[in-house]
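Working notes for the structure below.
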Amino acid sequence: MSIIVIDQSPELFWFVSNSLIADEIPLKHFKTAGTGEKFILQELPEIVIVNGDDKSLEPEKFINRMRNHVFARHILFIVVTSDMSVNYKKNLLIAGAGQVLYRGIGFSPSAKFFNSIVKWFQTKNDPDPQIFDYSAVPFTADADFTSYGRLGWLSSTHCMIETNIDLNPGQKIELKNALFSELAIENLQLECVEKNKAGRYYQYSNSLMCKIISKDPPRDADKINSWIGKNKNISKHKPIKLIYFESDPNYREVIKNVVKEDKRYCVRGFSTLDDIENILETQLPHLILIDRAMIEKDKTKFDIIKNFVKANLCYCITYALQDNPNIEEFKKDYDFALHSLNPIDISLLESMLVKLEIKLPPNQKTDPWKVYFNKHSEYSRVTLHAQCMIKELALNGASIILPFSINNFCACEIGCNAFTNADMNRVQFFRCFNSKKLASGPIHRLIFMGQNTKDNENLKVTIEKITEFGYDKWLVGDTTSNKTDIKN
4 MSIIVIDQSP ELFWFVSNSL IADEIPLKHF KTAGTGEKFI LQELPEIVIV
54 NGDDKSLEPE KFINRMRNHV FARHILFIVV TSDMSVNYKK NLLIAGAGQV
104 LYRGIGFSPS AKFFNSIVKW FQTKNDPDPQ IFDYSAVPFT ADADFTSYGR
154 LGWLSSTHCM IETNIDLNPG QKIELKNALF SELAIENLQL ECVEKNKAGR
204 YYQYSNSLMC KIISKDPPRD ADKINSWIGK NKNISKHKPI KLIYFESDPN
254 YREVIKNVVK EDKRYCVRGF STLDDIENIL ETQLPHLILI DRAMIEKDKT
304 KFDIIKNFVK ANLCYCITYA LQDNPNIEEF KKDYDFALHS LNPIDISLLE
354 SMLVKLEIKL PPNQKTDPWK VYFNKHSEYS RVTLHAQCMI KELALNGASI
404 ILPFSINNFC ACEIGCNAFT NADMNRVQFF RCFNSKKLAS GPIHRLIFMG
454 QNTKDNENLK VTIEKITEFG YDKWLVGDTT SNKTDIKN
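Per my numbering, the very first residue in the sequence shown carries number 4; after that it's consecutive.
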């Protein structure tokens with residue numbers, strides 16, 4: 004675990020250092036985005052903390068650029084800012100910020116809360132439920148739920164989306180997207196047909212193939228089909244999914260440039276073999292490249308690759324940056340893989356590409372009646388909407404019940420009229436901290452994103468009043484104490 008702070012002045016670094024004084028976590032401070040970015044791509048720290056008020060940094064663009072880098076996608080960003088406008092928070096969240104913390108005159112997040120955030124980020128997929136002091140009060144209210152995702156491809160009747168919402172086949176959700184708005188397609192819903200049968204391109208937990216349901220299906224299908232016919236030139240399909248493992252930061256850039264010479268690969272890179280089983284299950288690669296020096300350090304991890312290759316349409320190539328006297332041993336012990344004497348070159352990749360393109364099943368090959376959206380296309384962005392029920396409210400978050408599950412760390416907006424009774428904005432931003440199953444369905448515990456001083460104080464007052472008078476009385480404003488002094 005390592006953390007860096009990017010800020011022109013030292014104050015933010017001092018705050019982070021004091022908050023983590025009891026933890027032995029390496030910290031580094033960089034004053035410019037340029038020096039910070041260079042270190043990030045070399046060392047791949049787990050957490051990057053940035054000053055959101057630094058105009059030279061342009062936090063939204065910086066985070067988006069890093070989160071789209073082949074190796075830096077896993078890095079979590081914390082933005083500390085005095086700008087708590089709804090649009091700024093939302094843009095940071097969509098760009099990939101893990102948390103937004105308010106810093107105003109005489110106020111910063113408490114050291115304890117910041118420390119809890121860091122501990123959460125260390126184990127975000129399965130956090131300790133006791134990390135945060137979650138003293139909740141009843142808060143039963145109908146609310147609107149919104150989360151985010153990406154549109155991978157689109158046909159006249161179906162589409163593929165990536166999201167942290169966990170729909171099962173048959174479940175439905177409302178969708179909004181710039182393209183469907185342009186085509187005036189109304190009352191749009193998606194019905195999940197198939198889950199996680201394709202590897203994820205973005206940093207989401209689930210890929211869902213969905214049926215498009217709309218107000219006028221035949222007419223709307225014709226609209227989409229017509230648009231696809233006129234816009235095939237924007238389609239960007241990369242049917243071969245490749246992942247590679249390389250710990251040497253210099254060679255990571257070399258191999259990245261080699262791979263990028265061929266635009267038919269969808270590429271993801273990793274600097275360690277940590278969490279390799281989850282990586283393989285999520286990415287579902289067709290080709291794996293791995294430095295043999297990494298295998299030598301932990302051969303049990305290579306057995307996981309062996310099992311995956313034997314169960315899927317996937318090839319594996321090992322290579323060496325230096326002379327490797329054990330290559331014959333590798334050929335004997337790991338005959339499922341191709342072992343190259345030299346570093347990876349484009350001719351070797353091209354030969355593997357030809358083999359894979361022949362063997363790809365029809366549903367993975369490029370379909371001329373689909374449009375595959377580039378990650379930079381405005382049409383690739385989607386928002387997903389549903390009704391939910393808020394059950395609890397706490398100083399650092401809330402608990403909600405949805406008609407489906409969401410994954411840990413799912414970012415979302417919750418719109419609720421009852422929030423305005425607490426003198427808060429109707430729309431609040433959250434990330435899912437953890438979930439537990441109840442008889443009525445899963446309940447999801449959320450942590451606020453971007454709470455400012457006013458929101459924090461209003462929450463304290465609200466929780467105190469609900470504790471004293473009960474939720475129902477608080478909701479109708481009946482919070483006048485009924486105690487009277489009895490004088491003899």
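Think of the CB as a built atom: it goes at the ideal place given N, C-alpha and C, for glycine as much as any other residue.
- Remark: C-beta atoms of Cys-391 and Ile-403 approach each other more closely than 7 Å.
- Under the 10 Å beta carbon count, Lys-394 is surrounded by 16 or more other beta carbons and is classified as buried.
- Bridge partners of Asn-437 according to DSSP: Arg-448.
- Secondary structure at Leu-44: helix, using DSSP grouped into helix, strand and coil.
- By the Cβ test, the region 154 to 171 is in contact with the region 195 to 214, since at least three Cβ pairs between them sit closer than 8 Å.
- Under the 8 Å Cβ criterion, the region 75 to 95 counts as touching the region 46 to 63, having at least three qualifying pairs.
- With a cut-off of 8 Å on Cβ pairs, the region 412 to 421 is in contact with the region 137 to 145, counting three or more such pairs.
- Taking a C-beta distance under 7 Å as the contact criterion, Leu-60 and Ala-36 qualify as a contact pair.
- For Trp-156, DSSP records a beta bridge to Met-163 and Tyr-375.
- Judged by DSSP secondary structure, Lys-179 falls within the beta strand (DSSP E) whose first and last residues are 175 to 180.
- For Ser-210, the enclosing beta strand (DSSP E) starts and ends at 209 to 216.
- Here the alpha carbon of Ile-120 sits roughly 20 Å from the alpha carbon of Glu-460.
- Here Pro-172 is exposed: its Cβ has fewer than 16 other Cβ atoms, across all protein chains shown, within 10 Å.
- Counting along the chain, Glu-63 sits inside the alpha helix (DSSP H) bounded by residues 62 to 70.
- Exposure of Gly-444 is indicated by the presence of fewer than 16 other C-beta atoms within 10 angstroms of its C-beta.
- As computed with DSSP, Asn-54 is found in a beta bridge with Val-83.
- For the 7 Å CB-CB criterion, His-289 and Lys-244 form a contact.
- DSSP, read as helix, strand or coil, puts Asp-145 in strand.
- A direct Cα-Cα distance of roughly 43 Å separates Lys-300 from Glu-381.
- Judged by DSSP in its simplified three-state form, Thr-369 adopts coil rather than helix or strand.
- Taking 7 Å as the cut-off, the Cβ atoms of Ser-238 and Tyr-375 count as close.
- Taking the CA atoms as reference points, Cys-269 sits about 16 Å from Lys-200.
- For Leu-398, there is no enclosing alpha helix (DSSP H), as DSSP marks it with neither H nor E.
- In this structure Ser-438 touches Asn-411 by the C-beta definition: roughly 7 Å separates them, less than 8 Å.
- A residue is called buried once 16 or more other Cβ atoms fall within 10 Å of its Cβ, and Trp-372, having fewer, is exposed.
- Only exposed fits Leu-441, as fewer than 16 other CB atoms lie within 10 angstroms of its CB.
- The beta carbons of Thr-482 and Phe-472 sit closer together than 7 Å.
- Minimum Cα-Cα distance from Pro-364 among the listed residues Glu-353, Leu-316 and Lys-457 corresponds to Leu-316.
- The beta carbon of His-32 sits closer than 6 Å to those of Val-8 and Phe-16, all from its chain and outside the five residues before and after it, given in chain order.
- DSSP places Ile-466 outside any beta strand (DSSP E); the residue lies instead in the alpha helix (DSSP H), whose first and last residues are 456 to 472.
- Taking 7 Å as the cut-off, the Cβ atoms of Ile-293 and Thr-321 count as close.
- Around the Cβ of Arg-222, a 10 Å sphere holds fewer than 16 other Cβ atoms; the residue is exposed.
- In the DSSP assignment, Asp-294 falls outside any alpha helix (DSSP H) and lies within the beta strand (DSSP E) extending over 290 to 294.
- In this chain, the alpha helix (DSSP H) harbouring Gln-125 covers 114 to 125.
- If you ignore the 5 residues before and after Ala-98, its C-beta comes within less than 6 Å of the C-beta of Glu-63, Ile-66 and Asn-67, all in its own chain and listed in chain order.
- Setting aside the 5 residues that flank it on each side, Phe-18 is surrounded in the same chain by Ser-111, each with a C-beta closer than 7 Å to its C-beta; the list follows chain order.
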